[in-house]
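Reviewing the structure listed below.
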Amino acid sequence: MKIHTRKAGNREIHVPLVQMNALMGFVADALTATVFGLGLDRDTEQRLVRAFQKLLWIQNDLIQRHYTGDGAAEAEAAGTTAASSSGSGVEVSTSHT
2 MKIHTRKAGN
12 REIHVPLVQM
22 NALMGFVADA
32 LTATVFGLGL
42 DRDTEQRLVR
52 AFQKLLWIQN
62 DLIQRHYTGD
72 GAAEAEAAGT
82 TAASSSGSGV
92 EVSTSHT
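Sequential numbering of the sequence shown, starting at 2, is according to my numbering.
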């Protein structure tokens, strides 16, 4: 899957990073409001919101790396594989040598 920047995807479509960040803020707010509207007990609500926030932080990091272009170099320096999609999800592996 390619993100719409001038580096990948359709060269005529460019979504500025500021708009991607605004979208992530909107998604975070919508998920939080949805979880709070489900009528779950407080502990379950807290666990769900925290889980979604972690997911959104990871997604935001991947977006930032794509826009700035440091994902591969940074991952290589840390000894990790940045993000390889295997159809069912994203796998991140760390090698310890």
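Quick reminder that beta carbons are idealized off the backbone N, C-alpha and C, glycines included. Remember, predicted model here, so these are calculated numbers, not experimental data.
What span of residues does the alpha helix (DSSP H) with residue i cover, start to end?
| i | result |
| --- | --- |
| I59 | R43 to T69 |
| L24 | L18 to F37 |
Count the other CB atoms within 10 Å of the CB of residue i; is the residue buried (16 or more) or exposed (fewer)?
| i | result |
| --- | --- |
| H15 | exposed |
Compute the beta-carbon to beta-carbon distance between residue i and residue j, rounded to the nearest angstrom, for a pair I have assumed lies under 8 Å.
| i | j | result |
| --- | --- | --- |
| A32 | F53 | Checking the sequence, you will find Leu at residue 32 rather than Ala. Between F53 and L32 the Cβ distance is about 5 Å, and since that is below 8 Å, they are a contact. |
Q) Are the stretch 49–59 and the stretch 10–24 touching by the rule of at least three beta carbon pairs closer than 8 Å? A) No, the stretch 49–59 does not touch the stretch 10–24.
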